[in-house]
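Everything below concerns the one structure shown next.
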Amino acid sequence: MQIEVGSSLSLSNSGRAFWPSNSGTNSVERILLSVASSALALLSVSVPAFAEGDAALGQRAFQRCSGCHSTADQRKAGPGLGGIVGRPAGSMEGYRYSEALKSSGLVWDEATLDRFLAAPREVVPKTTMTMAVSKPEDRQNIVAYLKSLSQ
Numbered sequence: 000m001q002i003e004v005g006s007s008l009s010l011s012n013s014g015r016a017f018w019p020s021n022s023g024t025n026s027v028e029r030i031l032l033s034v035a036s037s038a039l040a041l042l043s044v045s046v047p048a049f050a051e052g053d054a055a056l057g058q059r060a061f062q063r064c065s066g067c068h069s070t071a072d073q074r075k076a077g078p079g080l081g082g083i084v085g086r087p088a089g090s091m092e093g094y095r096y097s098e099a100l101k102s103s104g105l106v107w108d109e110a111t112l113d114r115f116l117a118a119p120r121e122v123v124p125k126t127t128m129t130m131a132v133s134k135p136e137d138r139q140n141i142v143a144y145l146k147s148l149s150q
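27 is the number that numbering that gives the first Met the number 0 gives to position 28 of the sequence shown; each next residue is one higher, with no gaps.
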């Protein structure tokens, strides 16, 4: 038996190709073809780049952020984060951002927020943000919460 995957799929048994039909294919060939087709279908499915979190859990997880950030325009040590999703980094009027963040060119989408929350100074060296959120589930939930505030 031979299976080749390239620009086209070729399945052969003893040198003859087989495809689904009622004539000339035995049950083993049909099973193998079904398995190969299923495997290719699974390989072609794209996986989302960012898993959706739970906004309600994110609101609770955000409490660790609330010492420095609000979800409104209120400014604390950090800027307000209401409406952050889709906003360019370092662009909120009236807040003094680090030069590093203002010149980063980032736009806050789900994936960028997740990376930044995981390791702020790896994403933007010399940022003034020092707190990281290590658990991926917490980051996803916080991002879902922030996203809910932007809608």
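Using N, Cα and C, we set each Cβ at its ideal position, and we do this for glycine too.
Neighbourhood of A213 by C-beta, 7 angstroms cutoff - its chain only, sequence neighbours within 5 removed:
In the structure as shown, the chain starts at 0 and stops at 150, and residue 213 therefore has no counterpart that could be examined.
Span separating the alpha-carbon of E109 from that of G79:
Rounded to whole angstroms, E109 to G79 spans 17 angstroms at the Cα level.
Start and end residues, alpha helix (DSSP H) containing G57
Where G57 is concerned, the enclosing alpha helix (DSSP H) stretches over A54 to A60.
I need the DSSP call for V106, collapsed to helix, strand or coil.
Here DSSP, grouped into helix, strand and coil, assigns V106 to strand.
Provide the residue(s) that pair with P87 in DSSP beta bridges, ordered along the chain.
Its beta-bridge partners are V106.
Count the other C-beta atoms from every protein chain shown that fall within 10 angstroms of the C-beta of A48, then say buried if there are 16 or more, exposed otherwise.
Unreliable placement is indicated for A48, whose pLDDT of 48 sits below 50; the coordinate value is still reported in the next sentence. A48 comes out exposed.
State the Cα-Cα distance for the pair F61 and R138, rounded to the nearest angstrom.
Roughly 9 angstroms separates the two Cα atoms.
Under the three-state reduction of DSSP, which class applies to Y144: helix, strand or coil?
Residue state, collapsed to three classes: helix.
For R120 and R114, the rounded distance between their alpha carbons:
Rounded to whole angstroms, R114 to R120 spans 10 angstroms at the Cα level.
Does the distance from the CB of A88 to the CB of S147 come in under 7 angstroms?
Not closer than 7 angstroms, so no.
Starting from A76, trace the alpha helix (DSSP H) both ways and give me its first and last residue.
It is not in any alpha helix (DSSP H) - A76 carries neither H nor E in the DSSP assignment.
Can you look up T126 in the DSSP assignment and give me helix, strand or coil?
Coil, per DSSP.
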